[in-house]
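A.B. asks: Going down the list, the sequences are from chains A and B.
Here the UniProt record's numbering is used: position 209 in the first sequence is 209, and no number is missing along the way.
Here the UniProt record's numbering is used: position 271 in the second sequence is 271, and no number is missing along the way.
Heads up, the beta-carbon is just placed ideally off N, CA and C, and yes, glycines get one too.
Input: one structure, supplied below.
There are 2 protein chains.
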Amino acid sequence: MRTTIRDVAKAAGVSIATVSKVFNGYSDINQQTKQEILKIAKELDYSPNMAARTLSSKKQQTIALILNELNFNRKSTMPLEVLNGVYRYTDQSDFEFVFYGTSTEKQKQKTFSQFCNEHNITGVVIQGLKTTDPYYQEVQQTSLPTVLIDMEIDNPKIGLVSIDNEKAAQEAVDFLIANNHRQIGMINGSRDANVSELREKGYRASLAAHGLLVNESYIQYANYEEEIAYLICKNLLENNQEITALFCASDIMAIGAIRGIKDMGLRVPEDISVIGFDDIILASYVTPELTTVAQDMERIGYEAAELLTDIITNQAETSHRKISPHQLKVRQSVEKISEVR
Amino acid sequence: MRTTIRDVAKAAGVSIATVSKVFNGYSDINQQTKQEILKIAKELDYSPNMAARTLSSKKQQTIALILNELNFNRKSTMPLEVLNGVYRYTDQSDFEFVFYGTSTEKQKQKTFSQFCNEHNITGVVIQGLKTTDPYYQEVQQTSLPTVLIDMEIDNPKIGLVSIDNEKAAQEAVDFLIANNHRQIGMINGSRDANVSELREKGYRASLAAHGLLVNESYIQYANYEEEIAYLICKNLLENNQEITALFCASDIMAIGAIRGIKDMGLRVPEDISVIGFDDIILASYVTPELTTVAQDMERIGYEAAELLTDIITNQAETSHRKISPHQLKVRQSVEKISEVR
DNA sequence: CTGAAAGCGCTTACAG
DNA sequence: CTGAAAGCGCTTACAG
């Protein structure tokens with residue numbers, strides 16, 4: 001059987017209360033007693049049971065990272081980077097870290113608060129949520145410390161970490177326009193994703209700022225999937241041969257689009273310029289190297305965990321909103337065209 | 001305050017024992033009572049607290065994935081894939097899934113059994129362990145159901161999942177020899193990694209099988225790091241100009257080596273052929289596309305979790321060893337040389 | 001079919 | 001400085 005606090009107490013000839021105090025760093029313990037208990041605990045290979053500790057104490061704090069639709073695509077390591085960031089923060093904190101995957105299906109079975117209650121979660125970082133997910137509504141009225149990544153929400157008590165997606169998208173399209181492109185298509189992700197909305201807003205804002213009209217048929221949705229982007233890109237370019245540049249809401253879609261362009265016998269960037277979003281590792285390895293908007297998901301994860309602990313410990317400044325920096329990486333997939341058509 | 005079983009019992013006018021039975025699927029419950037309890041539980045947003053359940057029942061089983069030295073390199077998604085595989089299996093099982101990162105440092109602070117005891121772990125899958133890690137010794141004599149990934153160990157009760165690294169390496173080198181290469185260098189990982197040993201064995205076996213002598217200075221260690229491989233590759237080729245091909249124990253190192261070769265003014269594969277190991281996503285995107293040994297880490301993770309549950313439920317066949325298939329992916333980084341020098 | 005009670009391994013006022 | 005006891009939220013023989 002597993003070693004319990006009782007075994008240690010018995011072996012040390014003290015009460016379990018004393019053993020407990022030693023393991024909780026209480027100061028009012030005789031140094032000698034303490035050393036003796038520690039020694040015996042070591043011999044017995046004892047370590048306090050977290051479940052019991054969680055149950056009896058209201059102190060054991062655990063931070064959860066919930067990843068929605070864990071579509072661990074080998075090409076996109078973004079969820080992994082977020083996990084890494086959150087892990088790195090909690091690892092050096094006093095919080096216990098747990099990770100859970102969820103899905104629209106699971107969210108239907110169990111509410112957000114049920115889930116968190118069940119797992120004794122003190123605070124949670126969520127990534128990948130869609131506006132159509134049950135949790136999206138439930139999070140609005142939760143009292144649990146929560147930080148969303150890449151998601152706008154009304155509740156001011158909810159934390160929020162992301163880059164300024166609208167501005168970043170606008171800068172990307174600005175860059176295209178600075179390179180004399182005027183007929184610019186957009187391959188967007190999903191209408192249910194908050195970031196898609198924002199990136200589209202940025203696209204529209206850039207055009208507007210330059211006095212260009214938005215052609216609604218230029219905006220297509222590929223659900224962040226490479227294959228769909230491939231198909232949609234071909235379709236878009238066939239129907240709108242005047243297009244000279246494409247702004248894609250993710251690198252994965254940009255990669256699919258580039259393949260589509262090549263399959264049509266066109267060249268990137270000579271015939272069509274392409275700009276992506278995310279700066280995944282592949283972006284610098286594809287040919288041509290992809291010009292894209294970089295965001296540091298590892299950092300965002302770290303900052304989310306940090307913000308969350310601030311909220312938990314009530315140290316958060318008035319704003320629960322943290323904007324992480326982004327950066328346009330100019331590589332090879334955009335070409336300046338000489339005459340403005 | 002959180003909703004507890006007591007709240008539900010009170011609201012339903014029954015005892016907590018009855019509520020508990022409903023949530024544990026006991027059959028000897030009046031259908032009407034059951035429905036009523038379920039309805040009230042839903043209204044109250046109740047869900048059983050796992051910590052309490054774990055503590056009072058010896059039944060709640062949880063499977064842990066422990067990743068060592070969580071060096072989430074953006075270029076190598078292998079730990080992620082393992083996580084994904086384990087997660088995918090446990091998700092459709094009755095086991096609870098938890099994930100933990102560890103490190104040599106952490107292992108020194110707390111023993112393997114302390115850690116597992118502390119977290120009420122029923123069984124564990126471990127990846128990334130080095131032979132010099134404290135856990136490596138401790139695992140040898142654990143009674144806890146355990147499955148190691150990519151690691152040989154004596155204890156027959158310990159599960160084991162990996163590809164046949166030795167054979168895979170041998171096939172890779174065989175392929176080089178079939179392409180008339182005779183002076184073949186090896187850039188290996190780390191002496192502390194079990195797979196490195198095995199891949200080197202395969203390298204030696206291939207040479208021996210073809211009557212070739214092993215030149216010990218041809219074998220170098222780059223610790224699975226791209227930068228080190230870059231440096232070591234240049235060094236190796238400068239000191240041994242007769243080398244025509246390189247077998248690298250990982251794609252990351254192969255990518256570093258290729259960069260080193262190019263920096264020396266040599267071409268891949270015209271001057272030097274390179275073969276990698278793992279088939280990470282980048283392998284098919286670098287130029288030239290990398291010939292490599294593919295292994296499916298997602299599948300390995302899945303199989304590890306499967307094997308673990310078999311061990312836990314005592315259904316494991318006599319052997320706790322599972323060999324996953326590998327496959328040589330022939331792409332562009334190896335060239336057949338005409339005359340055997 | 002239902003409930004009272006012991007117990008899981010801990011923590012924490014409280015008393016001494 | 002130390003310990004007895006209540007309690008955290010559950011499960012599970014056992015009795016009825």
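1) Under a CB-based cut-off of 8 Å, is Gly301 (chain A) close to chain B?
2) When you compare the segment 322 to 338 of chain A with the segment 289 to 301 of chain A, are there three or more beta-carbon pairs, one atom per stretch, that lie closer than 8 Å?
3) Considering only DSSP beta bridges, list what Asp278 (chain B) is partnered with.
4) By DSSP's criteria, His326 (chain A) is part of a beta bridge. Which residues make up the other side?
5) Considering just the uninterrupted stretch of the alpha helix (DSSP H) at Val82 (chain B), what are its terminal residues?
6) Against Thr287 (chain A), what residues of chain B qualify as contacts under a CB-to-CB distance less than 9 Å, listed in chain order?
7) Decide yes or no for the touch test of the segment 76 to 94 of chain B against the segment 109 to 117 of chain B: beta carbon pairs closer than 8 Å, at least 3 of them.
8) Three-state secondary structure (DSSP) at Tyr100 (chain A)?
9) Can you pull the DSSP bridge partners for Met253 (chain B)?
10) My parser needs the beta strand (DSSP E) runs of 3 or more residues fully inside the segment 121 to 162 of chain B; what are they?
11) In angstroms, rounded to a whole number, what distance separates the CA positions of Gly128 (chain B) and Thr292 (chain A)?
12) The alpha helix (DSSP H) spanning Met50 (chain A) covers which residue range?
13) Is the beta carbon of Gly301 (chain B) less than 8 Å from the beta carbon of Gly85 (chain B)?
14) According to the Cβ coordinates, are Leu65 (chain A) and Phe99 (chain A) closer than 8 Å?
15) Under 8 Å Cβ to Cβ from Tyr218 (chain B), same chain only, skipping five residues before and after it: list those, please.
16) Would Ala17 (chain A) pass as a contact of Ile40 (chain A) if the rule is Cβ separation under 8 Å?
17) In angstroms with no decimal places, state the Cα-to-Cα distance between Leu207 (chain A) and Asn68 (chain A).
18) Consult DSSP for Ile187 (chain B) and reduce its assignment to one of helix, strand or coil.
19) Applying a beta-carbon distance threshold of less than 8 Å, which residues of chain B neighbour Gln114 (chain A)?
20) Would you report the Cα separation of Lys336 (chain B) and Glu289 (chain B), rounded to the nearest angstrom?
21) In chain order, what residues of the same chain have a beta carbon less than 7 Å from the beta carbon of Phe108 (chain A), not counting five sequence neighbours either side?
22) What residues are listed by DSSP as bridge partners for Phe247 (chain A)?
23) Could you give the residue range of the beta strand (DSSP E) that holds Gln220 (chain A)?
24) Of the choices B:Tyr221, B:Ala168, B:Val173, B:Ala209, whose alpha-carbon is the least far from that of Ala193 (chain B)?
25) By the three-class DSSP mapping on this structure, what secondary structure does Ile177 (chain A) have?
26) According to DSSP, is Thr313 (chain A) part of a helix, a strand, or is it coil?
27) Does Leu80 (chain B) get closer than 8 Å to chain A when you measure Cβ to Cβ?
28) Mind checking if Thr142 (chain B) is an interface residue toward chain A, Cβ cutoff 8 Å exclusive?
29) Would you give the residue range spanned by the alpha helix (DSSP H) that Ala205 (chain A) belongs to?
30) Hey, would you say Ile255 (chain B) sits closer than 8 Å to His210 (chain B), going by beta carbons?
31) Measuring straight from C-alpha to C-alpha, what distance separates Ile272 (chain B) and Glu238 (chain B)?
32) Looking at the strands, I want to know which residues DSSP matches up with Ala64 (chain A).
33) Throw me the rounded Cβ distance for the Ile280 (chain A) and Ser20 (chain A) pair, which I believe falls under 8 Å.
34) Leaving out five residues before and five after Arg199 (chain B) in sequence, what residues of the same chain have Cβ atoms less than 6 Å from its Cβ?
35) Any C-beta of chain A sitting closer than 8 Å to the C-beta of Gly101 (chain B)?
36) Ala52 (chain A) touches chain B at which residues, Cβ-Cβ below 7 Å?
C.D. replies: Once the coordinates are examined:
1) To locate residue 301 (chain A), count along the first sequence from 1; it is residue 301. So no, Gly301 (chain A) is outside the interface.
2) yes
3) Here residue 278 (chain B) refers to the residue found at position 278 of the second sequence. Answer by DSSP bridge pairing, in chain order: B:Ala294.
4) On the first sequence, position 326 is the one that residue 326 (chain A) refers to. Bridge partners of His326 (chain A): A:Gln295.
5) In the second sequence, counting from the first residue as 1, residue 82 (chain B) sits at position 82. Val82 (chain B) -> alpha helix (DSSP H) spans 78 to 91.
6) On the first sequence, residue 287 (chain A) is found 287 positions in, with the first residue counted as 1. Residues of chain B passing the Cβ test: Tyr285, Thr287.
7) no
8) Taking the first residue of the first sequence as position 1, residue 100 (chain A) is located at position 100. Tyr100 (chain A): strand per DSSP, three-state reduction.
9) Working through the second sequence from its first residue, we reach residue 253 (chain B) at position 253. DSSP output for Met253 (chain B) lists no bridge partner at all.
10) 123 to 127, 146 to 149
11) The count along the second sequence starts at 1 and reaches residue 128 (chain B) at position 128. The count along the first sequence starts at 1 and reaches residue 292 (chain A) at position 292. Computed Cα separation, rounded: 33 Å.
12) Translated into the one-based positions of the first sequence, residue 50 (chain A) becomes position 50. Taken as a continuous stretch (DSSP letters only), the alpha helix (DSSP H) holding Met50 (chain A) covers 50 to 56.
13) The sequence position of residue 301 (chain B) within the second sequence is 301, counting from 1. The sequence position of residue 85 (chain B) within the second sequence is 85, counting from 1. Against a cut-off of 8 Å, the Cβ pair of Gly85 (chain B) and Gly301 (chain B) comes out as a contact.
14) Taking the first sequence and counting its residues from 1, one reaches residue 65 (chain A) at position 65. Taking the first sequence and counting its residues from 1, one reaches residue 99 (chain A) at position 99. Yes. Within cutoff.
15) Numbered from its first residue, the second sequence carries residue 218 (chain B) at position 218. Closer than 8 Å at Cβ, skipping near neighbours: Gln183, Ile184, Gly185, Met186, Leu236, Asn240, Ile243.
16) On the first sequence, position 17 is the one that residue 17 (chain A) refers to. On the first sequence, position 40 is the one that residue 40 (chain A) refers to. Not closer than 8 Å, so no.
17) Position 207 of the first sequence, counting from 1, holds the residue named residue 207 (chain A). Position 68 of the first sequence, counting from 1, holds the residue named residue 68 (chain A). Going by the C-alpha atoms only, they are around 33 Å apart.
18) By one-based count along the second sequence, residue 187 (chain B) stands at place 187. In this structure, Ile187 (chain B) counts as strand in the three-state DSSP scheme.
19) The sequence position of residue 114 (chain A) within the first sequence is 114, counting from 1. What Gln114 (chain A) touches in chain B: Asp45, Tyr46, Ser47.
20) What you label residue 336 (chain B) is simply residue 336 of the second sequence in a count that begins at 1. What you label residue 289 (chain B) is simply residue 289 of the second sequence in a count that begins at 1. Distance between the alpha carbons of Lys336 (chain B) and Glu289 (chain B): 16 Å.
21) Working through the first sequence from its first residue, we reach residue 108 (chain A) at position 108. The sequence given here places Lys at residue 108 (chain A); Phe does not occur at that position. Closer than 7 Å at the Cβ level, and outside the excluded window around Lys108 (chain A), lie Pro134.
22) Looking up residue 247 (chain A) in the first sequence gives position 247. The partner list for Phe247 (chain A) (beta bridge, DSSP) reads A:Met186, A:Ile275.
23) Residue numbering aside, residue 220 (chain A) sits at position 220 when the first sequence is read from its first letter. Where Gln220 (chain A) is concerned, the enclosing beta strand (DSSP E) stretches over 219 to 221.
24) Translated into positions along the second sequence, residue 193 (chain B) becomes position 193. Taking only the C-alpha atoms, the option nearest Ala193 (chain B) is B:Tyr221.
25) Residue numbering aside, residue 177 (chain A) sits at position 177 when the first sequence is read from its first letter. Helix, per DSSP.
26) In the first sequence, residue 313 (chain A) corresponds to position 313, counting from 1. Reduced to three states, the DSSP call for Thr313 (chain A) is coil.
27) The residue given as residue 80 (chain B) occupies position 80 in the second sequence. Interface residue, yes.
28) Working through the second sequence from its first residue, we reach residue 142 (chain B) at position 142. Taking Cβ atoms only, chain A never reaches closer than 8 Å to Thr142 (chain B), which makes this a no.
29) Here residue 205 (chain A) refers to the residue found at position 205 when the first sequence is read from its first residue. Where Ala205 (chain A) is concerned, the enclosing alpha helix (DSSP H) stretches over 194 to 209.
30) Within the second sequence, residue 255 (chain B) is the residue found at index 255, counting from 1. Within the second sequence, residue 210 (chain B) is the residue found at index 210, counting from 1. The answer is no: Cβ separation not under 8 Å.
31) By 1-based counting over the second sequence, the position of residue 272 (chain B) is 272. By 1-based counting over the second sequence, the position of residue 238 (chain B) is 238. The straight-line gap from Cα to Cα measures roughly 12 Å.
32) Your numbering for residue 64 (chain A) matches position 64 in the first sequence. Paired residues: A:Val98, A:Val124.
33) By 1-based counting over the first sequence, the position of residue 280 (chain A) is 280. By 1-based counting over the first sequence, the position of residue 20 (chain A) is 20. Between Ser20 (chain A) and Ile280 (chain A) the Cβ distance is about 48 Å, and since that is not below 8 Å, they are no contact.
34) Position 199 of the second sequence, counted from the first residue, corresponds to residue 199 (chain B). Cβ neighbours of Arg199 (chain B) beyond the five flanking positions: Asn165, Ala169, Ala249.
35) For the purposes of this step, residue 101 (chain B) is taken as the residue at position 101 of the second sequence. So yes, Gly101 (chain B) belongs to the interface.
36) Taking the first residue of the first sequence as position 1, residue 52 (chain A) is located at position 52. Chain B residues near Ala52 (chain A): Leu55.
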